[in-house]
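With numbering that gives the first Met the number 0, letter number 114 in the sequence shown gets 113, and the count goes up by one each step, no holes.
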Amino acid sequence: MEIATIAGRQHGIVTIAQLLAWYSEATVRRRVREGRLHRVHRGVYAVGHAGLSREGIWLAAVLASGANAALSHLSAAAHWKVSRWPVCLTSVVTVSKHAPDGVDVHRTTHLDARDVTVWRGIPVTNVARMLVDLTDVLTAHQLAYVIHEAEFRRIFSERATHAAMDRARGRRGLGKLKRALELHADGSAGTRSAKEDAFLEGQLVEPLVNTRIEVDFHWPDEQRVVEVDGHGHRRQATRREDARRDAALRQRGWSVERRAS
0 MEIATIAGRQ
10 HGIVTIAQLL
20 AWYSEATVRR
30 RVREGRLHRV
40 HRGVYAVGHA
50 GLSREGIWLA
60 AVLASGANAA
70 LSHLSAAAHW
80 KVSRWPVCLT
90 SVVTVSKHAP
100 DGVDVHRTTH
110 LDARDVTVWR
120 GIPVTNVARM
130 LVDLTDVLTA
140 HQLAYVIHEA
150 EFRRIFSERA
160 THAAMDRARG
170 RRGLGKLKRA
180 LELHADGSAG
190 TRSAKEDAFL
200 EGQLVEPLVN
210 TRIEVDFHWP
220 DEQRVVEVDG
230 HGHRRQATRR
240 EDARRDAALR
250 QRGWSVERRA
260 S
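Next up, the structure:
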């Protein structure tokens, strides 16, 4: 298999080991000088040009982080398409001591093979392990959002998540994931925006969040509803629908408050 073919299957990326299976070290150095190979990380090169896709950047970071490394945390969530948060640095989990520049490396003493898969050509933590890792950076309601999105994409398994939690027993933050699973079981879609996160953080009494009643926040005991409206609510048709729904809730005895984001 020629290098161009290998690179085509690996988002434009090859390793030095793959190069040396075809070329001498002198040839590799010459191709770097000629601009036919571009160093991304130590031992990892882009073929043909340095302009990598997001997937190419992710795979390069994983390959540079040692054997059995995997895309993780918010990068894994973005790869699985269950995240609403920007990814500034590529996050990788590894048992290796490698620490490539510009990569958010999370070291672990053991990475169970059951927690890792390959999706679209990139080694990545599976959804269950991803949720465990995300307890490092997300709240319970944010985790509930990720679970909701994963279930919508039919890649969430509660059984697999509990198994991953058991393998991570003793890890800090698992209580947040347990709470997120409870929220999901109660029908919550979690917080869907930074504005909802900020609003929820300021509440003394925790409301129900984005449940099947189809409002952002509500307190059943108080019959109180709060909607945090984004830019989409400025559309005339959406405003009419909001007004109809607010009127229906008020007829049932609920107070409705709208806050613009």
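For each residue, glycine too, the CB sits at the ideal point set by N, CA and C.
All of these numbers come straight from a predicted model, not from anything done at the bench.
{"Item": "Can you check whether the CB of tyrosine 44 is closer than 8 Å to the CB of leucine 51?", "Value": "no"}
{"Item": "Can you check DSSP and say which residues form a bridge with leucine 36?", "Value": "Val46"}
{"Item": "Considering only residues of the same chain and omitting the five flanking positions on each side of glycine 101, which have a CB-CB separation below 7 Å?", "Value": "Leu88"}
{"Item": "Name the one or two DSSP bridge partners that leucine 70 has.", "Value": "Val91, Val123"}
{"Item": "Could you check where the alpha helix (DSSP H) with alanine 179 kicks off and where it finishes?", "Value": "173 to 184"}
{"Item": "DSSP on aspartate 100, reduced to helix/strand/coil?", "Value": "coil"}
{"Item": "Kindly list the residues whose CB is nearer than 8 Å to the CB of leucine 18, restricted to its own chain and excluding five residues on each side of it in sequence; keep chain order.", "Value": "Ile2, Val27, Leu36, Tyr44"}
{"Item": "Taking contact to mean 3 or more Cβ pairs, one atom from each stretch, closer than 8 Å, check whether the segment 109 to 129 and the segment 54 to 69 are in contact.", "Value": "yes"}
{"Item": "Note down, in chain order, each residue of its chain lying with its Cβ closer than 6 Å to the Cβ of glutamate 148, except the 5 sequence neighbours on either side.", "Value": "Val81"}
{"Item": "Going straight from the alpha carbon of serine 187 to that of tryptophan 57, what length do you get?", "Value": "31 Å"}
{"Item": "Between the segment 84 to 98 and the segment 146 to 163, can you find at least three pairs of beta-carbon atoms closer than 8 Å?", "Value": "no"}
{"Item": "Glycine 172 and threonine 134 look like a contact to me (Cβ under 8 Å); what is the Cβ gap, rounded to whole Å?", "Value": "3 Å"}
{"Item": "Under the rule that 16 or more other beta-carbon atoms within 10 Å means buried, what is leucine 203, buried or exposed?", "Value": "In this prediction, leucine 203 scores a pLDDT of 47, lower than 50, which makes its location untrustworthy; no coordinate-derived value is stated."}
{"Item": "Under a three-way DSSP split, which group does threonine 116 fall into?", "Value": "strand"}
{"Item": "Which first and last residues belong to the alpha helix (DSSP H) in which arginine 251 is found?", "Value": "Here arginine 251 belongs to no alpha helix (DSSP H), and DSSP marks it neither H nor E."}
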